Each structure stands twice: as structure tokens, then as C-alpha cells.
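Counted the way full-length UniProt numbering counts, the sequence shown spans residues 1 to 1072.
So the structure is just underneath, and the comments pick up after that.
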Amino acid sequence: MRECTRFTPAPPDPKDRKRDEDPRCQCKKRKTKHEARFLENPDPSAKWKAETHTHTIPTNAYGEIEFTGALVGAVGQNAKKFIRVDYETNPLMLLSLFRDVWNLTNPKLLISVTGGAQNFPLNRRLKDVFRKGLIKAATSTGAWIITGGIHAGVMKYVGDAVRHHNLATGRSDIVAIGIASWGVIKNREKLIDDNGKFPASYSMDAEKSDTRNVPLDPNHTHFILVGKGRVDQFGEEITLRGKLEKAFSEEQIQKSSGNAARVSIPIVCVVVQGGPNAIQTAYEAIRNGTPVVFVAGSGRAADIMAYAFQHTKEYKTMEGKKKIVRSVMPEMVRVEVAKMIQKEFGEKQLDLHLTRIEACIQDKRLITVYELGASATMDIDGAILHALLKANKGGIQDQLLLAQIWNRVDVAKREIFVDDRECRKGQLDESLRYALSNNQANFIELFLEQGVNLKDYLTIKELTILYNEIRSNSLLYEQLEKHRGEYSTDEFNLKHVGKVIRDLMFETYQPLYLRDSDMKKVLQTNQFEFPMRELFVFAILQNYHEMAKLFWDELEGSEFIASALAGSKMLKGMASKEKDSVQIANMEEHAANFGELAIGVLNECYIENEEYSTLLLVCERPNWGNSTCLRLAMEAVDKNFIVHSGVQSRLTQIWMGKISDKTSPFHLWMCTLFPPLIYFLKFPKDKVLSKKKKKKLAAVKSKDDVVVAEGDAMNKGIELGVVVHPPSDNEDNGMASETMLLENMNGHSAKPKPPSEDKDEDMLRDSGVDLSWWQKFKFFYNAPMITFRHNVLSYIVFLVLYSYVILGKFAKDIFEYVLIVWVVSLFTEEFRQIAQGENISWSSRLLVWITDYWNILDLATLITFAVAEILNFVGFGEAGHIILSLNLTLFFIRALHIFSISKQLGPKLIMIQRMMVDLMFFVAILCVFLIGYGIASQAILFPNETNVSVIMRGILMRSYFQIFGELFLEVIEGSDCTDNSTLVDGVDFFPCPEHSWIGIVLLAGYMMISNVLLLNLLIAMFSYTFSAIQDNTDTISKIQRYRLIIEYFNRPPSHTTIHLGLSFLLCHTMVS
1 MRECTRFTPA PPDPKDRKRD EDPRCQCKKR KTKHEARFLE NPDPSAKWKA
51 ETHTHTIPTN AYGEIEFTGA LVGAVGQNAK KFIRVDYETN PLMLLSLFRD
101 VWNLTNPKLL ISVTGGAQNF PLNRRLKDVF RKGLIKAATS TGAWIITGGI
151 HAGVMKYVGD AVRHHNLATG RSDIVAIGIA SWGVIKNREK LIDDNGKFPA
201 SYSMDAEKSD TRNVPLDPNH THFILVGKGR VDQFGEEITL RGKLEKAFSE
251 EQIQKSSGNA ARVSIPIVCV VVQGGPNAIQ TAYEAIRNGT PVVFVAGSGR
301 AADIMAYAFQ HTKEYKTMEG KKKIVRSVMP EMVRVEVAKM IQKEFGEKQL
351 DLHLTRIEAC IQDKRLITVY ELGASATMDI DGAILHALLK ANKGGIQDQL
401 LLAQIWNRVD VAKREIFVDD RECRKGQLDE SLRYALSNNQ ANFIELFLEQ
451 GVNLKDYLTI KELTILYNEI RSNSLLYEQL EKHRGEYSTD EFNLKHVGKV
501 IRDLMFETYQ PLYLRDSDMK KVLQTNQFEF PMRELFVFAI LQNYHEMAKL
551 FWDELEGSEF IASALAGSKM LKGMASKEKD SVQIANMEEH AANFGELAIG
601 VLNECYIENE EYSTLLLVCE RPNWGNSTCL RLAMEAVDKN FIVHSGVQSR
651 LTQIWMGKIS DKTSPFHLWM CTLFPPLIYF LKFPKDKVLS KKKKKKLAAV
701 KSKDDVVVAE GDAMNKGIEL GVVVHPPSDN EDNGMASETM LLENMNGHSA
751 KPKPPSEDKD EDMLRDSGVD LSWWQKFKFF YNAPMITFRH NVLSYIVFLV
801 LYSYVILGKF AKDIFEYVLI VWVVSLFTEE FRQIAQGENI SWSSRLLVWI
851 TDYWNILDLA TLITFAVAEI LNFVGFGEAG HIILSLNLTL FFIRALHIFS
901 ISKQLGPKLI MIQRMMVDLM FFVAILCVFL IGYGIASQAI LFPNETNVSV
951 IMRGILMRSY FQIFGELFLE VIEGSDCTDN STLVDGVDFF PCPEHSWIGI
1001 VLLAGYMMIS NVLLLNLLIA MFSYTFSAIQ DNTDTISKIQ RYRLIIEYFN
1051 RPPSHTTIHL GLSFLLCHTM VS
């Protein structure tokens, strides 16, 4: 800060009543305000100068301001940063203050607003236009606003604009810096403290300010108070403000993307109304190459300079070999401008003002006029950004990068891509990279409209760069970093990305970046065959929702469903790893949105063609790890997709196998019980694919799908799950391979049979010839529905046999051996499920298997059965028999799984499961009251009891059974009691209780809590669970049906052979 060091008497002012007793210095401060050492040898004839009559000292005014008073709104009550500085302060020190002390990051744009320091009228509409336009410019570009910082004139309008924004949005995200003259600040002495003020209370009462002292505006966020060592003088901040703005213009924008590092902070000066100081400010700005926007219609200086600019004429001159276009004012215009200056500001310094205006208008590139009125063609924010782009001398890349930094695609369309402007190949690559790194979907869409070819742009190197430019605080970076540690590489590569994708999907999923054959092809061409897919994955991994939707829209039609489901699965996988609750909710919402997109596409396909839409569900998608849509939906737990009519229609076909869906359940049961009747069962004749249908199939197949044609149909796989057999006799024959469909449904690659195998059988079916008895028998028993029925029947027989064995208490005979063999067969079935799991490692297969509730129950039944048989074998028959009895209970509970196929009973199983969870929480709460009451009751009634087992029985058993109505009143009241300890047996006689009346009161309170309060709580919990599941009965039943079909499709055609063998063994033994 600066302070006057030599009292220099000012000329006497007749209006100053204290001129004799306390004269003023030329610095405008009273003599008494100077230190005694600065009052020696006053020179009345000397002219006061800051350079010779002042010195600098450490600032004594800094800290935070807390505005109070009638003029302060709710938003203005937050403390605002401030500091008093010297007018010659190094602007780099102020930049360091902003960054290191006030913790502000560099702005993307600096809007310097200057103009009238006195209040001037603006009608309500013009005020709203100015306020909304300025705030839109600041918020949409991440700009700072710099003003004079006082509560008057244009600064007050800016402050009001900030205040309205804060009130409307509920946040204070706009940085408004007030740079004011220290000497004109009202109540400035309240800000002074050598140790700083945190905060300084600054009153904003509704009293009239004089013309020499004005209050600070409470809606600015930071204040720089500039002084020259004198007071009551406006404009002392202009020089430092200009230097500070120039220093900002040499700073670089700090962004995560490397592209923005070379872009300096753009600055624009906005002149609203104003006086001579506004002309000076505009002049200094244009001299520094800063574009200026004059708001015509606001009055005074802004109108004068706008008029001068609009009436100039251009002429060309040569400076060396370079043509320069300059603008001059014709003489008549010059005279008119001089009259306007004289009218507004008087004749003082008229020539200086005129000279500055003439200098300003020479470079029209730096001047923009905004008409504040009904005729305005754009908002003021558009004028500000237009001025910046017009002043930018760079090429399209520099201008476009500015628009991207501000995230204003409308500006790019209006100012850059005009007059059908064409871009050279590769010219937009840098801008596209910036848009991809900074989630600017609107710019990417614009670039695609401009003809950017993503196949040419996206190379392995470019995609690797994109992944290495992700934010270091993002979840993706954390996951990539984990895998980079495995390889000890300096940068991320696509193998790291592939491992992250596999972690988010499932173990058998094979991303492109981990498949050597595909990467070899990419390395040879240095291009990705489907760049939209790679960028879609890139956007999903960063949770860039709009960008991901943009690339999803650009994918090939056959990829829509699989891509949406894969995106949903990856987002859910990321949500499970994220720790931030807001981000988790965001990811889950986006995952649900992609699930809805998949359903929407399936709806359209299903309406258009039901048959082929269901085929889309079960064909392998090479672009998505050779998974099917159904597998992706199952892994993503997308219930709404699974319950879709198209999915359920396909599941019905799978469930029925080759059996006609018109066959009645009665006929099926008869065939199940009496296999010879299968011969009379009707099977639908397999349809022959016509040329027309083949064309329809071709329309929905992707480029990665295998083209099925003669010679390679069996070797290369299935296109859309359909095997089209080689033509014979010039006929196009083919049929849908249900086995292939089913295997594809589970993500398995179908293993084609050699062409010779079952060739005659396929020829018969394809030609529509009736099937043989053996073929019907085979198709009947291969149907998952029949497998399920056989399993139900065999399980009932198993339970009957098991019950017979343990009820009869027979000695070791053939029935028990049959039972043991049967349980062993059940064990082998569980082992088969683990062994044929889709995961790669055994540990993963076991983990997947054990997470199923039914499998946990299976494990419990098999272990307890094994323990019981071991006990029987070593001679503990009674213990073994008890365990077998309990084991039978578990097997009966396991039979509930059969009800999953029922739409009515299936959801009830889920209810039981959820209610068991509710019950556990309830028991935890109940135990608190039960144990508390039990201990108190036992201590009151039987304080002298020493037998630990009796004490524990009194605490737990009595309090537990009292809940169910067994009150033990005879124990509490002492009706059958004795004080003779030798007679106490716990059956006929009990020890006499003490204080029985207290025990009864305690029991009454306990019964009230347990039987009324807690029991009703449990009922309420059960009712809520019941209602929640009942409302989703249809969805739950279809999900259960889906899982059951998957389970029984993977099962062997049943244990019929084993059971027949066991029956034969049983009969043979009984006869012999």
C-alpha cells in the first residue's frame, strides 16, 4: 500500500469549514490524518505527486468482508476476500494471490466490465437483457467478471446480476472481482487492521452516499483496493487493472486436456455507459490488443464510441509489403463526435478524448457494438464471444478451441462453420480429441456433420492417447492404474483397457483388445473396423452419457441391442466399484437408460417381425466378446429386458424344445409317464427358409456375423443363430437350429457337428418328412420342460424312499444303499454344474455356484447326509439317524424349488426369502429386549441361584416362550414352590421366588413390548415385503422362469437311466 509522506497544503476551499483548523493536503487527507514526522517543512507552492510525496509500506487492510445491513441480501452474507494494494503492485503477485491464497483456478475467459460509476437509469427490460446475457456469458464459459467493485452505476448492475443468479441456482459459482480506488471507498477505515480482519464487518445501510465516497458492492466475491496515497479520487485503479488484465492474457488456461495448455486466457472489455475514464479504459484495452464491446443504448461514453465506430470509413495502406486496413472518421463524423463529447463531459480534455476515440476505431477487428434494444440480433453473451473470435487472428483450430473451452457449440456454428466452410482432412483431429477428452458430445456431433471420418481419425495411437488423457481422479484411471502395475509400464495401453472391461463384464467376456487375432488385424491396418464401438466404450468407461448415446446412435443396426446391454452392464460394474454416492446414483441412472434403449429397439423389431427379433437375442455378437443379448441382459441383471414379450417368446420355444407349443399338458404328462405314447405325439414340421426370408436375415446380420453358405456353414458358426444348410437340387433349404440357439443364449459357442453326422436326420426334418420313433423320442427327452418333469417325478420318488428309510428304522438293507447311491448321483449333478460353469478358473466357478441360495442348501444337505452316514458306519447309529431326519427336512425344503415354474407360487418363494431377512433383523431387535428382561427377571425372582444352567434357562427359555403365551405364572407367583432345596426338581417343585409382584409387573411390561409393539413391527415388515413383491409378481415370475429354463437347458436329459438301473438292482435283489 502507499501512504502520503509530505504534507503539501491544498488550495483553500471556500466551502471547507475546517480549512483553517485542519487544512487538507493535496492528497485530500486532513493534516491530522498525517503522521507528525510528515508535517515538517510544508511547501505551499509544491505540486503533490505520488512518485515524490508518498512511500510504500506493508498493507494494513486485508482479509474477509462480511456485509451487513438493509442493502445486503441473503447471498451477500458470505464473507468476501479483499486486499489493499499499491497502484504499482506487480500484477504477477496478484496472480499468485488469486491462485495460492484465494485458491482460484485460472478462468477460461475474463470479462472486464467498465462504465458509469454513478447510478444511471436502465428500464426493466434492458436491465434484464444485460443481466441475463452477462451471466450466460460467465456461466457457459467459466469466465471471471472484473468491474470497479462499487455499489453504484454499472458495477451495481453487475452485482445484481450475480446476486440474481446465486438466488436462482442456489450456488455461488461466479467469480466477480471488484478493482476499486481505495480512496473513494466508504467506511474504509473498518477494513484496516495490521493483522488482517477475518471478517471485517462492513455496513450497507440505506443511506445516501456522497459523490466522493461510495460503498463496495456486496455481491462481488473478491476485491482489490488500489491506492496512490490520496483519497476522494476515482480512477486510480485503471493502470493496475490494465496491467492485471494484460498479465491474465499471458496466462494459460489450465485444463485436463493438453490441447488447452497453449491457449492464453482471452479477455474482452465491455463498456456500458461511462465517462472519460471509460474512454481511457477502452483505449488502454485496444492498445493491448483486447477486444472491446460497446453497449449502444446505455448512454454517454458507450454511445459516443459506438456512433464513431459505426460511421467510420476504411482505407488500405501499405506497411512495408503488408496491406493494412485502417478505419478513420470522416470530418463531419469527427465534428459530431466532438459535439457529443462536449455535451456529455464538457470541453475539458476534449482533444484527448477525441484522439483516443480515433485511435480506438482504427482497428475495427477489435471493436464490436451491441445494440441494447429490441433490434438486437443476439444476446450480449453472443456479442462478447463474437468479439473474441473476430479479434482472434488464428486459424479455424484456434477459434474452434476457444469455442470448445467455453463449451459453446452455438458460437462455433454461428461464427466458425459459416458459408459452407469446408475443412481439410485431419484439420479437426485436434479439436475432436479435445471434445472426446472433455465430454463435449455436441461438438462431436458437429464434427460428424462436417464430414469427419472417425475411421481415419481413430488409430491405435490416438485411442491410446485418449485413455492416457483421462482425469487422474476418475474411477477409470484408478482401474487402469491397477492393471498398469501388473505390467510396470509408463503409460496405459489397450491391454490395460481390455482387462478393465473384462473386470466390469464377466470372466468369459473377451474384449477386442485382449484377442490377439483381432488386434493383429488392427495392427496391420492401423485402423479399427468399428471406431464407433471403440469410442462408445471409451464414453461408457468415463460415464459420458450423452457422448455414449451419440456413438450408440451411430452404430450399425444389428448392434443396437447388444451395445446398449453391454453399456448397461459396464456402467453397473463401475457403480459397484465407485465410492462416491452421487456418482453411483448417476451411473445406475445411465445404466437404466441404456437398458430402456435396448428394450425400445427390441420393441420396434418385435412389432416389425416377431420371428427375427427373437433370433437377434440368441445370436453371438463378435463385437461384444461373442456374447449374446440374453447373456448380456442376464449379466446386467436387466429384469425389464428379460420379461419382454420377445424374450419370453424365445424362452417358451426353448422350454418346449421341438415339441409343439399346442400340445396339451395332459398329453405331455401321459407321454412322460408312458414313454411309448411319444410315438403318437405331434411335432411341428420344420420350416424351410425361403429366399425372401434369407434376405430378411441378411438385413439384420452384422459384418462380423458369419456368412452361412455352402461349404463353410458348419465350420464358421451360426449367423443369427440360424443354420442354413447347403442347397440341394437347386432348392434353398434350411432350418433354425434350436440347439445352437440355446447354446448361444448362454454365451457358448456351438460346436458344429461334422457334416456327415445326423445328416439323414437333418435332411428328413428339413424336407418336412415325418420323424421316426427314435427321432421323436430323442427330441422329446431333450426338451428342458421334459427334463424338468422327470426331475420332479424322480425327486418325489426320492423323498418317499428317504422317508421310508428313516421312518422304518430298518437295518442296513438294499433301500439304504439305493438311497446312498441316489444322493451320490445328486452330488455328481452339483459337481457337473460347477465343472461346466462358464468361468475360466475353478475358484470363479465355485464362487458363482455358491452364491446361489439353492446351491447353498444343496451343499448343506449333502454335507449333513455324508456326516450321518459316517456316524452310522462308525457305530453311532442313533446320532446318525437324528442327523438323517434333519437332513430329510432340508431335502423337503429343497423341493420348494419346483414351484419356481409357477407364476402364482414362484414369487411366494421370493417372499419367504425376503421375509427371512426381515426376520433376522427383527430377531436382532428382539434379543435386546429378551435378554434384558430375562436377566432382570431372573435377578429379581431368584437372586440366590448359583446353578449356571438353571440361570441360563431362566434368562433365555422363560423369556422366549413367554412371547408365545407360556407365561410361567406358577414360577413367578410361587404356586408350586418350596424353600427346601432338596425337593426342587424343576418339574413338580420350583424354588420360591422373591419379590414376585415386581416380576409380574416386569412381565406385563415385557409382554406389552414383545407381543404388541415388536410383533406388530414384524407384521408391518412382512406386509411391506409382501406388497413390494406382489406388485412385481409378473416380473419376478418371469425372472424365475428364465433362470429355471437356463438351469434345465444345461442339465442332461434327466437321471432316468440311473433311476432305471437302480430300480432293476432293487427288483433283482428282492427276487433273489
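Positions of the beta carbon are idealized from the N, C-alpha and C atoms, including for glycine.
Given the structure is predicted, the values throughout are model-derived calculations rather than measurements.
Same chain, Cβ closer than 6 angstroms to residue i, five either side skipped, listed in chain order
i: Ile1009; result: Phe929
Residue of the options minimising C-alpha distance to residue i
i: Thr239; options: Arg287, Lys413 and Asp456; result: Arg287
i: Glu559; options: Val601, Ala575, Asp580 and Glu588; result: Val601
i: Thr56; options: Lys49, Lys29 and Glu3; result: Glu3
i: Leu190; options: Ala168, Pro215 and Ala176; result: The displayed chain sequence assigns Lys, not Leu, to residue 190. For Lys190, the nearest C-alpha among the options comes from Pro215.
i: Tyr612; options: Glu878, Gly646 and Phe641; result: Gly646
i: Ile786; options: Ile341, Ile1045 and Glu830; result: Ile1045
i: Phe922; options: Arg845, Tyr802, Phe1022 and Thr59; result: Phe1022
Same chain, Cβ closer than 8 angstroms to residue i, neighbours up to 5 away in sequence not counted
i: Phe234; result: Ala117, Ser181, Val184 and Asn277
i: Arg131; result: Tyr157, Asp160, Ala161 and His164
i: Asn1011; result: Ile963
Residues near residue i by beta carbon distance below 7 angstroms, same chain, minus five either side
i: Gln1040; result: Ser900 and Gly906
i: Gly196; result: Tyr62 and Gly63
i: Leu92; result: Ala247
i: Ile883; result: Thr864, Val867, Ala868 and Leu871
i: Asp13; result: Arg19
Whole-number beta carbon distance between residue j and residue i, since they are thought to touch under 8 angstroms
i: His590; j: Asn623; result: The Cβ separation is near 21 angstroms, so there is no contact.
i: Leu862; j: Leu826; result: 7 angstroms
i: Gly557; j: Ile540; result: Gly557 to Ile540, Cβ: 19 angstroms. No contact.
i: Gln527; j: Lys572; result: Not quite, the Cβ-Cβ distance comes to about 31 angstroms (not below 8 angstroms), so this is no contact.
i: Val272; j: Ala302; result: 6 angstroms
Rounded separation between residue i and residue j - CA only
i: Ser298; j: Val113; result: 13 angstroms
i: Tyr467; j: Thr459; result: 13 angstroms
i: Ala441; j: Glu430; result: 15 angstroms
i: Ile501; j: Asp918; result: 36 angstroms
i: Ile145; j: Glu245; result: 11 angstroms
i: Cys27; j: Arg241; result: 21 angstroms
i: Leu886; j: Leu819; result: 16 angstroms
i: Trp102; j: Lys81; result: 8 angstroms
i: Ala1028; j: Ser1037; result: 14 angstroms
i: Ser256; j: Ile135; result: Here the model assigns Ser256 a pLDDT of 44, short of 50, so the residue's position is not dependable, and the following value carries that caveat. Rounded to whole angstroms, Ser256 to Ile135 spans 25 angstroms at the Cα level.
i: Asp852; j: Phe417; result: 58 angstroms
i: Lys716; j: Arg621; result: Note on Lys716: pLDDT 29, under 50, position unreliable in the model; no value is reported.
i: Met1007; j: Val792; result: 45 angstroms
i: Ile659; j: Ala592; result: 36 angstroms
i: Phe876; j: Ile806; result: 15 angstroms
i: Leu352; j: Arg334; result: 13 angstroms
i: Ser203; j: Pro218; result: 10 angstroms
i: Thr1025; j: Lys569; result: 27 angstroms
i: Ile384; j: Thr290; result: 12 angstroms
i: His220; j: Ala79; result: 10 angstroms
Buried or exposed by the 16-neighbour rule on C-beta atoms within 10 Å, applied to residue i
i: Met952; result: exposed
i: Glu250; result: exposed
i: Asn473; result: exposed
i: Lys579; result: exposed
i: Val226; result: buried
i: Gly768; result: Confidence at Gly768 is low in this model, with a pLDDT of 41, below 50, so the placement of that residue is unreliable and no value is reported for it.
i: Met1; result: buried
i: Glu534; result: buried
i: Cys605; result: buried
i: Val325; result: exposed
i: Asp20; result: exposed
i: Gly498; result: buried
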